[in-house]
Every structure is written in structure tokens, then in C-alpha cells.
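Number of protein chains: 2
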Amino acid sequence: MPPATVARLPGYLRALEATAASGAVLTSSEELARRAGVTSAQLRKDLSHLGSYGRRGVGYDVQHLREQITVALGLSDVRRVLLVGVGNLGHALANYAGIAERGFALVGLVDADPAVVGTTVAGLVVEPADDLAGVVARTGATIAVLTTPAEVAQRVCDELVAAGVVGVLTFAPGALRVPPHVDVRAVDVASELQILAFHDRARGAGGGAS
Amino acid sequence: MPPATVARLPGYLRALEATAASGAVLTSSEELARRAGVTSAQLRKDLSHLGSYGRRGVGYDVQHLREQITVALGLSDVRRVLLVGVGNLGHALANYAGIAERGFALVGLVDADPAVVGTTVAGLVVEPADDLAGVVARTGATIAVLTTPAEVAQRVCDELVAAGVVGVLTFAPGALRVPPHVDVRAVDVASELQILAFHDRARGAGGGAS
DNA sequence: TAGATTGTTAATCGATTAACAATC
DNA sequence: TAGATTGTTAATCGATTAACAATC
């Protein structure tokens with residue numbers, strides 16, 4: 028399955044859920060693509076990698092396609108997620124309902140700050156960072172969300188990987204080095220803004236006359 | 028400039044800042060690539076689009092390259108950023124120091140909740156959502172960060188665009204429709220986790236025997 | 001000069017797009 | 001059957017990689 032396709036599947040899943048909520052039983056590549064913000068050709072091509080069973084002349088069964096994508100993404104089993112770094116951002120993410128809604132269980136919170144350890148956030152007691160391996164083992168977490176300061180991100184990541192985590196979503200700026208069997212996704216807010224600045228640049232810095 | 032290159036420039040900038048902090052005056056494509064997590068061939072290729080002036084046999088002048096990338100990304104002028112949606116996540120982002128550190132000015136906060144409007148967050152007074160156009164005009168914001176509930180994201184986005192915003196960074200799940208002159212970057216935490224789940228999937232759901 | 005390292009070229013690879021035959 | 005819509009094919013496009021000539 029092409030990586031670019033995998034990266035779009037969550038968007039299709041969401042679009043399907045919106046379609047299902049509207050009560051529709053069937054949908055078309057045209058409608059679904061519009062909702063997901065891609066072309067219908069792209070959508071059909073992507074779904075073809077799933078060995079999808081739409082019906083020519085008819086369209087896709089909403090619930091069936093939803094299940095197909097859910098299985099393909101590996102969301103049939105609930106994945107256990109550990110969050111490391113309960114600062115402002117970590118706190119916000121821990122309380123983010125979308126995580127549980129979309130098939131994940133937040134099973135642990137870890138922080139290095141003694142003032143934070145022991146407090147309850149999102150129904151979980153924050154555990155100390157010096158027992159990272161223990162927390163991973165006890166919770167069975169396979170995915171970690173990293174919201175630590177950039178300076179410690181690599182070290183924490185190394186410990187997580189050593190403890191058995193195979194997927195890391197990091198919000199710390201800077202590249203993380205991991206072994207080949209581990210998957211890293213990086214969200215860097217400042218980088219995103221800088222990319223937007225690039226496009227803004229061409230349009231003049233003054234805000235423009237209307 | 029290829030989009031893929033633009034998307035990597037912020038990473039190079041950050042790598043250069045780390046290099047500068049270490050006191051080095053010169054660097055090589057090899058070293059910089061290692062820091063940025065790409066190959067040296069990729070880095071040189073990317074920099075070639077800047078018309079970069081490294082010196083063969085010598086390397087790159089750290090400060091000079093830093094300025095080149097800063098100019099290329101349009102970061103010579105400070106971009107004004109407006110944040111809409113001061114919930115958990117919006118609050119965290121408003122207080123995120125990295126935004127100011129990396130060349131942006133947070134110039135306004137907006138929320139629809141009367142209980143939040145009027146409070147001070149990150150040194151700014153939260154303004155009411157019904158005056159979105161006015162806030163954009165007064166602040167001269169060209170970039171907006173969207174941390175509203177998904178249900179209102181499209182409507183808020185439309186208003187921002189109508190008011191003159193040309194770049195939107197959205198954290199709300201779901202595709203945003205915008206006119207061609209507007210640039211959207213989307214961060215979807217749940218989608219990122221689902222992509223990680225895909226890779227986790229292949230490795231078995233049990234946590235694995237060690 | 002000899003060693004190092006860039007900038008560029010050419011080859012490869014993967015992703016997107018458009019068109020249409022298959023088929024419901 | 002006629003109309004609709006998929007799944008697939010082939011063409012295009014863009015991005016990555018590897019190698020090396022240029023040159024400091």
C-alpha cells in the first residue's frame with residue numbers, strides 16, 4: 028500500500044462517518060471525494076489498493092467501506108497510547124476527545140516535573156519519567172505521543188523505543204532518529220506556519236489594498 | 028520552488044540554528060543533512076533551488092545560509108497571526124513560545140464563548156467571534172490558526188478568507204474548502220495516530236513477546 | 001597539487017491524472 | 001436496454017537518488 032494512500036485513508040474514514048451521519052446508505056466516489064477534499068480519480072485509485080468492493084454503476088456501501096478502511100488501518104483493535112510531557116500542549120491533547128473517538132485508548136501519562144507527577148489529568152494519574160520503561164510495560168502501549176521540550180525529545184524517544192513502542196507522534200521540533208521498525212510522525216507548528224509564510228511572501232507584506 | 032522543498036526548509040533552518048548554537052561558522056551538506064534527518068543529496072538538491080552559495084570543497088557559511096533560507100521563506104518580515112478558538116488546544120498554542128521565536132507575531136485571539144471573551148491569554152484579550160472581520164482588519168493578520176470545533180471550522184475559515192487571510196493552519200479534522208489564492212495546512216492528531224496504527228497493525232496486536 | 005565538497009545531471013522511482021472499458 | 005459509476009490502464013508529472021564533473 029503506497030504511503031501517500033495510507034496517509035489519506037483517515038480522511039476518507041472521516042468523510043464516510045459524515046456521510047453515515049447524514050443517513051445515506053450508499054455513496055459515490057464523486058461525493059466522497061468532495062467531502063474528503065480530493066479528486067474522485069484519486070479516491071478510486073486509493074480504494075483500489077484496498078481491493079475495495081464498490082459496485083459499478085451503483086457506488087459504495089457506506090458501512091461496508093467504513094469497515095474495510097477500519098480494518099486496513101489496523102483500527103479493529105484498540106491501540107494503546109502513552110503521552111509523555113504533560114505541559115500545556117500535552118494537557119490539551121490528553122483531554123482531546125478525538126483520540127478516543129477515533130479508536131485509541133490513552134493508557135498513560137508521564138512527566139518529569141515532580142510538581143506534575145501524581146496529579147490527575149484526563150482521568151489518569153501522571154507517572155514519573157524515570158520509570159518510562161515500566162509504564163510502557165504495564166500499560167502495553169505501542170504508540171507514544173511526545174510533547175516534551177525539544178531538548179529531551181530524542182532521549183525520551185530512545186527510551187520509548189527500547190521499551191517496545193513502535194510508533195511515535197512527536198510535537199517537538201527537530202528530527203528524531205529511530206530504528207527502521209519504528210514509525211515517526213512529526214507535527215511542528217512553527218514549521219507549518221513558516222510554510223504558510225512562504226506563500227504569503229509572494230503576495231506582498233503590506234496586507235494589500237482591497 | 029518545489030512544494031516538497033519548501034516543506035523541508037523550516038527543518039533546515041532549525042538544523043542551522045542548532046549548528047550556529049554549537050559555535051560552528053561553516054557546515055557541510057553531510058552534517059546539516061544528518062541534523063535535519065534527510066540525505067545529503069536531498070539537502071544539496073533542495074538548496075540548489077535557492078541558488079545557494081555554498082563553496083565547493085569548503086561547505087556552507089552557517090549565518091549566510093540561515094539568512095538565505097529566512098529570506099526564501101518570507102520570514103524577513105514578521106507575519107501577523109490570529110488564533111481562532113481559545114479552548115484547551117488554542118490556549119496551549121497561544122502560549123507556545125516557538126511561534127514568536129520563529130518569526131511570527133500572535134496579534135489576536137478570538138472565541139465564540141462569552142465566558143472566554145474578555146479574558147487575557149498569553150497577554151492578549153480574547154475578542155468575540157462575531158467581529159472576526161474587524162479583528163483581521165485591525166490586526167492586519169494574514170495567517171490564522173484554527174482551533175475551533177470541527178462543526179464551525181469551514182464557516183470561520185470562510186469569514187477569515189473574506190477578511191483577507193491568505194494562510195490557514197487548521198487543527199480541526201475535516202477538509203477545508205478555500206479559494207486558490209489561500210493556502211491551507213492541516214494538522215489532524217487523530218489522523219496521525221491512525222497512520223501510525225497502520226504500521227503497528229503489521230506487527231501484531233498483542234504487544235509482542237520479547 | 002591533492003583532498004574535499006559542492007551543484008548539477010541523468011536515472012529511477014512513486015504519485016497523480018485522465019480516459020475508458022467493464023459492469024451494475 | 002440506457003445511464004451511471006466503478007476499477008484499471010496508460011500517460012504525465014514531480015520527487016528522490018546516485019554519480020560525478022566542477023572547483024575551492
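Protein sequence lines correspond, in order, to chains A and B. Counting in this note's numbering, the first sequence runs from 28 upward without gaps. Counting in this note's numbering, the second sequence runs from 28 upward without gaps. All residues carry an ideal CB built from backbone N, CA and C; glycine is no exception. This structure is a prediction, so every number in the text was calculated from the model and none was measured.
Item                                                                                                                                  : Value
Segment contact, 8 Å Cβ cut-off, at least three pairs: the stretch 214 to 227 of chain B with the stretch 35 to 48 of chain B         : no
Cβ shell of B/Y80 (< 6 Å), same chain only, five flanking positions each side left out                                                : none
Given 8 Å, three or more beta-carbon pairs between the stretch 87 to 98 of chain A and the stretch 178 to 185 of chain B              : no
Under 7 Å by beta carbon: chain A residues contacting B/E178                                                                          : Chain A residues near B/E178: none, gap ~11 Å exceeds 7 Å.
Proximity below 8 Å, CB of B/G191 to CB of B/V163                                                                                     : yes
Run of the alpha helix (DSSP H) containing A/D210, from where it starts to where it stops                                             : No alpha helix (DSSP H) holds A/D210; the beta strand (DSSP E) holding it covers 210 to 213.
Under 7 Å by beta carbon: chain A residues contacting B/Y87                                                                           : Under the 7 Å cutoff, chain A gives no residues; its nearest Cβ is about 18 Å from B/Y87.
Validate contact between the stretch 111 to 120 of chain B and the stretch 113 to 131 of chain A using beta carbons, cut 8 Å, 3 pairs : yes
Bridge-paired residues (DSSP) for A/F131                                                                                              : A/R106
Classification of A/D140 by the beta-carbon crowding that lies within 10 angstroms, buried from 16 upward                             : exposed
Assigned exposure category for A/G50 - 16 Cβ within 10 Å defines buried                                                               : exposed
C-alpha gap between B/M28 and B/D73, whole angstroms                                                                                  : 9 Å
Distance between B/L110 and A/S237 (C-alpha atoms, nearest Å)                                                                         : Unreliable placement is indicated for A/S237, whose pLDDT of 35 sits below 50; no coordinate value is reported for it.
8 Å Cβ cutoff met for B/R107 and B/T169                                                                                               : yes
Burial state of A/A63 (16 or more Cβ within 10 Å)                                                                                     : buried
N- and C-terminal bounds of the beta strand (DSSP E) containing A/L196                                                                : 194 to 197
Buried versus exposed call for B/R35 [16 or more other C-beta atoms within 10 Å across all chains shown]                              : buried
Selection from A/R83, A/V214, A/L100 that minimises the alpha carbon distance to A/F131                                               : A/L100
Cβ of A/L116 within 8 Å of any chain B Cβ                                                                                             : yes
Cβ shell of B/T66 (< 7 Å), same chain only, five flanking positions each side left out                                                : A60
8 Å Cβ cutoff, A/Y123 in contact with chain B                                                                                         : yes
Under 8 Å (Cβ pairs) to chain A, residues found in the stretch 181 to 207 of chain B                                                  : G191, V193, G194, V195, L196, P200, G201, A202, L203, R204
Three-state secondary structure (DSSP) of A/P155                                                                                      : strand
Contact with chain B by A/E154, beta-carbon distance below 8 Å                                                                        : no
Cβ-Cβ distance between A/D227 and B/V172 below 8 Å                                                                                    : no
As assigned by DSSP and simplified to three states, the class of B/V52                                                                : coil
C-beta neighbour in chain B for A/V134, strict 8 Å                                                                                    : no
Cα-Cα separation, A/Q90 to A/G150                                                                                                     : 32 Å
Where B/L223 meets chain A, residues with beta-carbon distance less than 7 Å                                                          : I170, G194, L196, D210, R212
Reduced DSSP secondary structure (H/G/I, E/B, other) of A/Y87                                                                         : strand
Proximity below 8 Å, CB of A/G78 to CB of A/S55                                                                                       : no
Top-ranked residue by Cα proximity to B/L159, from B/T197, B/T146, B/G135                                                             : B/G135
DSSP beta-bridge partners of A/A248                                                                                                   : Residue 248 of chain A falls outside the range modelled here, since chain A spans only 28 to 237, and no answer is possible.
Distance between B/A199 and B/V144 (C-alpha atoms, nearest Å)                                                                         : 21 Å
Within chain A, the residues that B/S49 reaches when beta carbons sit closer than 7 Å                                                 : In chain order: nothing, as chain A lies at least about 14 Å away.
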